[in-house]
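Engineer: Have a look at the structure that comes next, please.
Numbering (our numbering), first residue to last: 625 to 757.
Right, here's the structure in full:
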């Protein structure tokens, strides 16, 4: 009877250690990347295409819709709910995404690092610095 009691206790100990290992492993892990801040130009613009929380959560879907609209329908203008009109472009235009978010490294890359995602947008699109060279 003592043998089975010891085996049960050992089994429970192994289970608890295994169940809590991910928590212990990440407890002393690396520090999270800092949340990116908007540039002065983006702050001065006031409103984006969507509000801040919708942009964070849904900009990838919006960009997919824009891609389809530009490529399939040749429509490059987006009328936002806030009444502003935006140019659907990742590469050019004062009234496009990169009109306010000019520095890909300081905004796009920082935000994607913060969110731990690796988008493929820039495999085809050029960055503003590449355009000006």
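Heads up, the beta-carbon is just placed ideally off N, CA and C, and yes, glycines get one too.
1. Is it true that the segment 735-744 meets the segment 666-676, where meeting means three or more beta-carbon pairs spaced less than 8 Å apart?
2. Report the option in 723, 698 and 687 whose CA atom is closest to the CA atom of residue 666.
3. How big is the Cα-Cα spacing for residue 681 and residue 719?
4. So which of 699, 731 and 695 has the shortest CA-CA distance to residue 661?
5. Closest by CA to residue 706, which one among 634, 693 and 676?
6. Going along the chain, which residues of its own chain have a beta-carbon closer than 8 Å to the beta-carbon of residue 690, five neighbours each way excluded?
7. Identify whether residue 701 lies in helix, strand or coil by the three-state DSSP scheme.
8. Label residue 629 either buried or exposed according to how many other C-beta atoms from any shown protein chain fall within 10 Å of its C-beta, with 16 as the threshold for buried.
9. What do you reckon, are the CB atoms on residue 714 and residue 749 nearer than 7 Å?
10. Quick one: Cα of residue 679 to Cα of residue 645, how far?
Structural biologist: Concretely, from the data shown:
1. No, they do not touch.
2. Residue 666 sits at position 42 when you count from the first residue of the chain shown. Minimum Cα distance to residue 666 is reached at 723.
3. On the chain shown, position 57 is the one that residue 681 refers to. On the chain shown, position 95 is the one that residue 719 refers to. Roughly 21 Å between the two C-alpha positions.
4. Residue numbering aside, residue 661 sits at position 37 when the chain shown is read from its first letter. Checking every option, the nearest Cα to that of residue 661 belongs to 731.
5. For the purposes of this step, residue 706 is taken as the residue at position 82 of the chain shown. Nearest of 634, 693 and 676 to residue 706, Cα basis: 676.
6. For the purposes of this step, residue 690 is taken as residue 66 along the chain shown, with counting starting at 1. Within the same chain, residue 690 has close Cβ partners 702 and 712.
7. Locating residue 701 in the chain shown gives position 77, where the first residue counts as 1. Residue 701 falls in the strand class under three-state DSSP.
8. Here residue 629 refers to the residue found at position 5 of the chain shown. The residue in question, residue 629, is exposed, as its Cβ has fewer than 16 Cβ neighbours within 10 Å.
9. Taking the chain shown and counting its residues from 1, one reaches residue 714 at position 90. Taking the chain shown and counting its residues from 1, one reaches residue 749 at position 125. Result yes, Cβ atoms of residue 714 and residue 749 sit closer than 7 Å.
10. If you number the chain shown from 1, residue 679 lands on position 55. If you number the chain shown from 1, residue 645 lands on position 21. Roughly 35 Å separates the two Cα atoms.
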